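Working notes, beginning with the structure itself.
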Amino acid sequence: MENTKIPLNIFQTWHSLDLPPKMKETVELLKSQNPEFTHYLYDDSMCREFIKINFNDDILYSYDSLKPGAYKADLWRYCVLYKYGGIYLDIKFQCANGFKLINFTDNEYYVKDIPQFNIFPGIYQAFLICLPNNKILFDNICRIILNCKTCNYDVICALDVTGPTLMAKNFDLNQFNNLFLKNTGTSIINSKNNDVEILIEYEEYRDELNIYKKTEHYGELWAKQDIYNILQPRKFLIDSFISCNKCSDNDVSDK
153 MENTKIPLNI FQTWHSLDLP PKMKETVELL KSQNPEFTHY LYDDSMCREF IKINFNDDIL
213 YSYDSLKPGA YKADLWRYCV LYKYGGIYLD IKFQCANGFK LINFTDNEYY VKDIPQFNIF
273 PGIYQAFLIC LPNNKILFDN ICRIILNCKT CNYDVICALD VTGPTLMAKN FDLNQFNNLF
333 LKNTGTSIIN SKNNDVEILI EYEEYRDELN IYKKTEHYGE LWAKQDIYNI LQPRKFLIDS
393 FISCNKCSDN DVSDK
């Protein structure tokens, strides 16, 4: 594609590199469908090591303090795309109806989430296409740091800690309404092309998730008000409190 702007990276994560059978098939299919890209699969230890090497102690502390695996994966995806750029895709998805990821490398793209709790809809970050040093990702990271430093439960919902509702704070209503990719719950559709499905969840995903999951679902932990690990306080938490308004690139990344 001549007008490609986005680095040709695909990032995915699962708690282990030993994937469930159908998940592994889906990943291999994705790679074969999109040979132009370099594919990266990170497990939990690799995600943590990436943050430790490339970002400051505040962000590593935040990663360690988040209990749900989905929350940790949220923070990591923002960090890895902020540094390298490319595409993050949840490991449950495969391309559908002839769609190829290279078709969406001419710009940055975001997906409307399904409205929940009668609030402003979120940004579905199961599919993110971003340039390096993206300001939205940067703001997400800063907000997560604040939530983790204060063990914040005073947010709209469980999706406002690291996920779609938190990310939507970077969009005004006009920007949101102009988004044409939409989450249906089991697929992502292109509303500019007759709502055709471009990415679909593989059929066995929910069954494999229940069998092979490592931690409780974030919704269950949220309901128990138990989404944060209580870590030993560190000096930098007292001396260098970072607010979203005061974050700079040097605050976030050490490299």
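Residue numbers (this note's numbering): 153 to 407.
Positions of the beta carbon are idealized from the N, C-alpha and C atoms, including for glycine.
Every value quoted in this text rests on a predicted model; they were computed, and no experiment measured them.
Exercise. Compute the Euclidean distance between the alpha carbons of residue 260 and residue 380, then round it to the nearest angstrom.
Key: Within the sequence shown, numbered from 1, the residue matching residue 260 stands at position 108. Within the sequence shown, numbered from 1, the residue matching residue 380 stands at position 228. The alpha-carbon atoms of residue 260 and residue 380 are separated by roughly 32 Å.
Quiz item: To the nearest whole angstrom, what separates the beta carbons of residue 290 and residue 234, a pair I think is in contact under 8 Å?
Solution: In the sequence shown, counting from the first residue as 1, residue 290 sits at position 138. In the sequence shown, counting from the first residue as 1, residue 234 sits at position 82. Residue 290 to residue 234, Cβ: 6 Å. Contact.
Self-check item: Where the beta strand (DSSP E) containing residue 241 begins and where it ends
Solution: Walking along the sequence shown from the start, residue 241 turns up at place 89. Segment 238 to 241, the beta strand (DSSP E) holding residue 241.
Quiz item: Run through DSSP, which three-state label would residue 282 get?
Solution: On the sequence shown, position 130 is the one that residue 282 refers to. It is a strand residue.
Quiz item: Using DSSP with H/G/I as helix, E/B as strand and the rest coil, what is residue 171?
Solution: Residue mapping note: residue 171 aligns to position 19 of the sequence shown, counting from 1. Three-state result, residue 171: coil.
Quiz item: Which class does residue 160 belong to by DSSP, given the choice of helix, strand or coil?
Solution: Here residue 160 corresponds to residue number 8 of the sequence shown, with the count starting at 1. Residue 160 falls in the coil class under three-state DSSP.
Quiz item: Pick from 251, 265, 252, 243: whose alpha carbon is nearest that of residue 319?
Solution: Translated into the one-based positions of the sequence shown, residue 319 becomes position 167. Ranking 251, 265, 252, 243 by Cα distance to residue 319 puts 265 first.
Quiz prompt | residue 340: CB within 6 Å of a non-hydrogen atom of the ligand FAD | solution = With respect to the ligand FAD, the structure shown offers nothing to examine, as it has no ligands at all.
Quiz item: Between which two residues does the alpha helix (DSSP H) carrying residue 342 extend?
Solution: In the sequence shown, counting from the first residue as 1, residue 342 sits at position 190. Unbroken run through residue 342 is the beta strand (DSSP E), 339 to 342; no alpha helix (DSSP H).
Self-check item: Close Cβ partners of residue 167 (< 7 Å) along its chain, the five nearest in sequence each way excluded
Solution: By one-based count along the sequence shown, residue 167 stands at place 15. The answer, listed in chain order, is 195, 196, 221, 366.
Self-check item: Bridge partner(s) assigned by DSSP for residue 369
Solution: Your numbering for residue 369 matches position 217 in the sequence shown. Partner(s): none; residue 369 has no beta bridge.
Quiz item: Can you list, in chain order, the residues of its chain whose CB lies under 6 Å from that of residue 288, leaving out five sequence neighbours each side?
Solution: One-based indexing of the sequence shown puts residue 288 at position 136. Contacts found: 322.
Quiz prompt | Three-way DSSP call (helix, strand, coil) for residue 349 in this model | solution = Residue 349 sits at position 197 when you count from the first residue of the sequence shown. Residue 349 falls in the strand class under three-state DSSP.
Exercise. Could you please give the first and the last residue of the uninterrupted beta strand (DSSP E) stretch that includes residue 334?
Key: Within the sequence shown, numbered from 1, the residue matching residue 334 stands at position 182. Residue 334 -> beta strand (DSSP E) spans 333 to 335.
Quiz prompt | Paired residues, beta bridge with residue 263 - DSSP | solution = The residue given as residue 263 occupies position 111 in the sequence shown. 333, per the DSSP bridge assignment.
Quiz prompt | residue 229 burial status per 10 Å Cβ neighbour count (16 or more: buried) | solution = Looking up residue 229 in the sequence shown gives position 77. Result: buried.
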